[in-house]
Amino acid sequence: MDVLNSCIKSAIAGGKAIENFKPKGIKAKADKYVGSHAIVTDADFLSQKAILKELAKDKEVFFITEEIVKGDIAKRIVKSTDLNKMKSSRVYIIDELDGSSSFNAGHYEWSVSVGCVEKLQHIAGAVFAPKLDMLFNAAKGKGTFLHNGKKSKCQVSDSSLKDAYVIFGPDNFLTKYPVHNKLLTKLGDVTRTINANGSCALALGLVACGKADALVQPLQSPWDWAAGKLLVEEAGGVLLFYEMDKGQIIPIKHLEPSHYNSDKRSVGFVAGNKKIAEEIMKVLLSIKA
């Protein structure tokens, strides 16, 4: 089965299912990482249902999803207790609505993201932002493309830090991440512009296509970056991942099955061209919590 096509079709299906949907049931998640800032709506479940309907046609694959799944498909969900499946299986990692607060507010800054990981290798991914009419997609070894009225190949920017437009995920502003709070002011002084984006997957697509120079995220869930990781890498960029211990940054060289745990936020990252990502990581490592 064409995994890239599956990622694209399912991401579009999820986005189209909710593009003009008005959410009714809005609930704050019990999220120990960001508190009540994380919400879930009936739109999340509607999008997830449309995505899984498309992907479940392949009976040999597994899934990591943000929201609860019921029925037969539930047997194919990779849980925190069986993460070793990541070493031997093909797994679709789904973010049915990345940027729920933006979506709920009627804002354009949200996306649907589907990434495919096989034996811990990211092999395909698609990010669809309906309100921007932007579809980003990538397959391993095939490059990254943006469909936005026309198809164009993506390349990360070659900007230096002083000329950079750097995006921060909103979690950087939370007091539980003092290192990232300090990074905001440090980079604000030395870059051209810093900004925030409520959808991690969308921001990674923007970095991949050179529409932003870098993205900084504290600890995230696997669905936040599973598709976007490949977008950036196939466009010539890097994601420098790290764990955190008592507020301090601990760089990691390789992703392990534990980093795909759906029950916790295991890794943060800096994304961009290699030089700018390394510069930002150096600043991040220099800051004491």
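Heads up: the sequence shown at position 210 corresponds to 1154 in the working numbering, and the numbers run straight through without jumps. For each residue, glycine too, the CB sits at the ideal point set by N, CA and C.
Burial state of residue i (16 or more Cβ within 10 Å)
i            : result
residue 1191 : exposed
residue 1065 : exposed
residue 1088 : buried
residue 1134 : exposed
residue 1224 : buried
residue 1142 : buried
residue 1113 : buried
residue 946  : exposed
residue 1002 : exposed
residue 994  : buried
residue 1179 : buried
residue 1177 : buried
residue 935  : Within the shown structure, residues of the chain are numbered from 945 to 1233, placing residue 935 beyond reach of any answer.
residue 1085 : exposed
residue 1132 : exposed
residue 1032 : exposed
residue 1050 : exposed
DSSP bridge partner residues for residue i (one or two, in chain order)
i            : result
residue 1087 : 1083
residue 1025 : None; residue 1025 has no bridge partner.
residue 1158 : 1110 and 1216
residue 1008 : 1037
residue 1164 : 1211
Cβ separation of residue i and residue j, assumed to be a contact under 8 Å, to the nearest whole Å
i            : j            : result
residue 1216 : residue 1100 : 7 Å
residue 1171 : residue 1070 : 6 Å
residue 956  : residue 1103 : Incorrect: roughly 31 Å between the Cβ atoms, too far for contact.
residue 1231 : residue 1123 : 5 Å
residue 1058 : residue 1041 : With 8 Å as the limit, residue 1058 and residue 1041 do not qualify as a contact, their Cβ atoms being about 12 Å apart.
residue 1098 : residue 1153 : 4 Å
residue 1147 : residue 1159 : 5 Å
residue 998  : residue 950  : 7 Å
residue 1096 : residue 1207 : At roughly 38 Å, the Cβ-Cβ gap does not stay under 8 Å, so residue 1096 and residue 1207 are not in contact.
residue 1211 : residue 1163 : 7 Å
Proximal residues to residue i (C-beta, below 6 Å), its chain only, five neighbours per side dropped
i            : result
residue 1021 : 1007 and 1013
residue 1168 : 1144
residue 1174 : 1066, 1069 and 1082
residue 962  : 987, 990 and 991
residue 1165 : 1209
residue 1107 : 1136
residue 1054 : 1043, 1046, 1047 and 1143
residue 1156 : 1109, 1111 and 1150
residue 1239 : The structure shown has nothing for residue 1239, since the chain only spans 945 to 1233.
Cβ-based neighbour list, residue i, same chain, cut-off 8 Å, excluding 5 preceding and 5 following
i            : result
residue 1027 : 1201, 1202, 1204 and 1205
residue 1181 : 1100, 1151, 1152, 1215, 1216, 1217, 1218 and 1221
residue 1234 : What is shown of the chain runs 945 to 1233, which leaves residue 1234 out entirely.
7 Å CB neighbourhood of residue i in its chain, flanking five on each side removed
i            : result
residue 1076 : 1052
residue 1194 : 1186, 1187 and 1188
residue 964  : none
residue 978  : With a pLDDT of only 45 at residue 978, under 50, the local geometry of the prediction cannot be trusted, and the value read off the model is given with reservation. Correct list, in chain order: 1115 and 1118.
residue 1130 : 1227
residue 1092 : 1077 and 1078
residue 1037 : 1008, 1059, 1061, 1166, 1167 and 1170
residue 1199 : 1064 and 1185
residue 1126 : 1231
Chain E contact for residue i (CB, 8 Å cutoff)
i            : result
residue 1200 : Absent from the structure is chain E; it holds one protein chain and no more.
Proximity test, residue i beta-carbon vs the ligand SAH heavy atom, cut-off 7 Å
i           : result
residue 950 : Among the ligands in the structure shown, none appear at all, so the ligand SAH cannot be discussed.
Taking only runs that begin and end inside the segment 1172 to 1230, name each unbroken beta strand (DSSP E) of 3 or more residues, in chain order. 1182 to 1189, 1192 to 1195 and 1211 to 1216
Within the segment 1103 to 1143, ranges of the beta strand (DSSP E) (whole runs, at least 3 residues): 1109 to 1112 and 1137 to 1140, all fully within the segment 1103 to 1143.
Could you name each continuous beta strand (DSSP E) segment of 3 residues or more that falls completely within the segment 1031 to 1096, going from the start of the chain to the end? 1034 to 1042, 1055 to 1062, 1065 to 1073, 1078 to 1083 and 1087 to 1091
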